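Only one structure is covered here, and it is reproduced in the block below.
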Amino acid sequence: MENQESDEPMQKKPHLLDSVSPNSMARNSSPSHPIAKSVDATVLQLQNQKLVQQLDLQKKQLYDVESKIQELQLNQTSYDDELISVNQLWNQLVDDLILLGVRAGANQEALNYLDIVDKKRGSVPPCAADETFLCRLLQVDSLDTSKSDEVVRKVEEALALRHSSTMELMGLFENTIDTQKTKAESISQSLHAVKSTEDATIQLSSINDLMKEESKNLREMIDALHVRHKEHSEQIQAYISSHSTDQSELKHLKGQLEEIKAELEENRRKLITLKMQKDAACEGHVTSPAIANGSLSPEKPVDKTKLRELKDSIDEIKIMAEGRLSELQASQEYNLSLSRQCQDIENELKDDQYIYSSRLYSLINDRIHHWNAELDRYKILTEAIQAERSFVMRRDKELNLRAESLEAANHKTTTVGSRIEVLEKKLQSCIIEKNGLELETEEAIQDSERQDIKSEFIAMASTLSKEMEMMEAQLKRWKDTAQDALYLREQAQSLRVSLSNKV
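For the sequence shown, the positions run 1 to 503 when full-length UniProt numbering is used.
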């Protein structure tokens with residue numbers, strides 16, 4: 001800086017001296033105007049002093065502006081670091097909310113939010129590096145920095161929109177948790193309210209269906225996450241390959257740039273040599289003896305032609321060098337944009353690796369294994385219940401057969417009871433008849449004159465007694481049958497009670 005400051009006044013002085021023409025200097029240097037020469041020197045000295053003062057003031061102002069710009073750049077760097085950290089934390093919060101929503105059961109809606117987030121984070125806008133964050137926040141390709149108030153308003157609107165979307169995601173997560181809590185409470189209440197085997201079977205089948213649905217949803221979500229991870233990996237590989245290609249192209253362009261620089265340096269040296277030759281030739285012409293005749297000798301046409309050709313070739317080389325330099329700058333900017341895109345993809349890959357190594361992902365995997373184990377356990381319980389159900393159905397069939405046999409025994413018992421009543425009536429009539437016959441027998445015995453009738457009555461009495469014994473034996477058999485029927489009825493009633501208790 002000090003060397004530049006000391007050189008600039010020296011550079012200004014030749015310009016001021018050049019503003020004075022040689023003829024005027026020659027006139028001023030004539031001995032006929034010594035006063036004008038001293039006045040011009042004083043004026044030039046004053047002008048030089050004023051210019052030096054203005055230059056010092058401008059240098060001081062420039063130094064102040066540069067220091068202020070450096071301070072602002074430092075502040076901008078700290079602000080950028082804070083914005084980057086806040087953006088990373090915000091993105092991590094959104095990713096955690098999406099994963100928690102997936103774990104809680106908001107599958108499709110969480111996938112929709114994940115699509116929106118990937119769409120917002122995926123593209124890199126073609127803008128300046130210091131405006132990338134705002135362009136990605138506002139989802140625009142460029143910013144009009146001349147209208148700062150409008151930019152601030154748009155940034156506030158974008159931040160408010162992002163805050164509202166995050167709050168909506170939080171509300172979705174809370175609603176999903178409430179729904180899952182309600183579902184779990186209903187399942188718990190239904191399990192506590194089970195009173196029979198059929199109700200338990202129905203509840204277990206419904207729980208099994210819920211577990212299957214939950215496992216299916218989690219499997220779909222994990223498949224979707226694996227597909228996204230595969231897509232990101234393919235994109236990263238493509239960006240890495242393109243980055244390597246760009247690096248090789250950049251290396252080639254750097255080699256071309258070095259060649260162009262060497263060629264420009266060689267041309268510059270040639271130009272300096274030609275300029276020195278020209279200056280030497282001009283000095284030779286000025287100091288030649290032809291000046292004594294009052295006129296300058298012109299340069300040779302051959303030297304002028306060579307000089308013009310050299311100037312034209314130098315101009316062409318400059319134009320080619322400027323074109324090569326602009327192409328190189330464009331390729332460097334393109335490579336920088338590709339490097340930024342590759343860095344963004346690497347950051348996204350780190351985010352994906354963070355997701356797969358995060359506690360939430362491990363918790364989801366553990367939860368899936370737990371639900372699979374629960375599903376296997378419920379399958380075993382269902383199979384056991386199915387086996388018990390077949391046993392209960394077989395037992396039910398046996399009880400139905402016994403009930404049918406009991407009904408048949410009841411019908412038979414009623415028939416036997418009616419026959420017993422008929423036999424009892426016959427027995428009563430036989431007893432009455434026996435009593436009458438006994439009276440007649442007594443009368444016949446008393447009648448000694450009728451011995452033949454007495455023997456006949458004795459035979460009839462013996463026959464009647466035999467018939468009565470036979471009827472008593474049959475009545476006893478029917479009574480035993482009735483008792484068996486009553487026992488079967490009591491056993492059927494006890495089996496019904498035990499069956500109802502088991503059901």
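Cβ coordinates follow ideal geometry from the N, Cα and C atoms, glycine included. All figures in this text were calculated on a predicted structure; none of them were measured in a lab.
Proximity of residue i and residue j at Cβ, strictly below 8 Å
i              : j                 : result
threonine 413  : alanine 492       : no
leucine 100    : phenylalanine 173 : yes
leucine 437    : phenylalanine 457 : yes
isoleucine 314 : leucine 271       : yes
alanine 330    : isoleucine 260    : no
asparagine 372 : serine 206        : no
residue 505    : leucine 399       : With the chain covering 1 to 503 only, the question about residue 505 has no answer from this structure.
cysteine 342   : histidine 229     : no
lysine 183     : leucine 375       : no
isoleucine 187 : isoleucine 345    : no
methionine 221 : valine 102        : yes
leucine 250    : asparagine 175    : no
leucine 218    : leucine 328       : no
alanine 409    : leucine 464       : no
alanine 459    : threonine 441     : no
aspartate 246  : leucine 338       : yes
Contacting residues, own chain, Cβ-Cβ under 8 Å from residue i (five flanking each side not counted)
i              : result
arginine 419   : Trp478
methionine 471 : Leu423, Lys426, Leu427, Cys430
glutamine 49   : none
leucine 204    : Tyr378, Leu381, Thr382, Ile385
isoleucine 240 : Cys342
glycine 171    : none
valine 416     : Trp478, Thr481, Ala482, Ala485
glutamate 433  : Leu464
As assigned by DSSP and simplified to three states, the class of residue i
i          : result
lysine 195 : coil
serine 288 : Interpretation of serine 288 is limited by its pLDDT of 43, a score under 50 that renders its predicted location unreliable; the figure taken from the coordinates is listed afterwards. Correct three-state label for serine 288: coil.
Chain-order list of residues whose beta-carbon lies under 7 Å from that of residue i (same chain, five-residue window excluded)
i              : result
isoleucine 291 : In this prediction, isoleucine 291 scores a pLDDT of 40, lower than 50, which makes its location untrustworthy; the coordinate-derived value is nonetheless stated afterwards. If we look at isoleucine 291 and ignore the five residues flanking it on each side, it has no Cβ neighbours.
asparagine 267 : Ile314, Ile317
alanine 403    : Ala492
glutamine 53   : none
serine 165     : none
Close Cβ partners of residue i (< 6 Å) along its chain, the five nearest in sequence each way excluded
i             : result
threonine 201 : Ile385
leucine 475   : Leu423
leucine 72    : none
glutamate 150 : none
Residue-chain proximity (residue i, chain D), Cβ-Cβ < 8 Å
i           : result
leucine 328 : Of the chains in the structure shown, none is chain D; there is only one protein chain.
Please specify which runs of the alpha helix (DSSP H), each continuous and at least 4 residues long, are wholly inside the segment 368-446, giving them in chain order.
-> Listed in chain order, there is nothing to give.
Sequence ranges, beta strand (DSSP E) only - wholly within the segment 462-493, length at least 3 = You should have found no qualifying run.
Taking the runs of the alpha helix (DSSP H) that are 4 residues or longer, which of them lie wholly in the segment 154-242?
-> Counting only runs of 4 or more, we get nothing.
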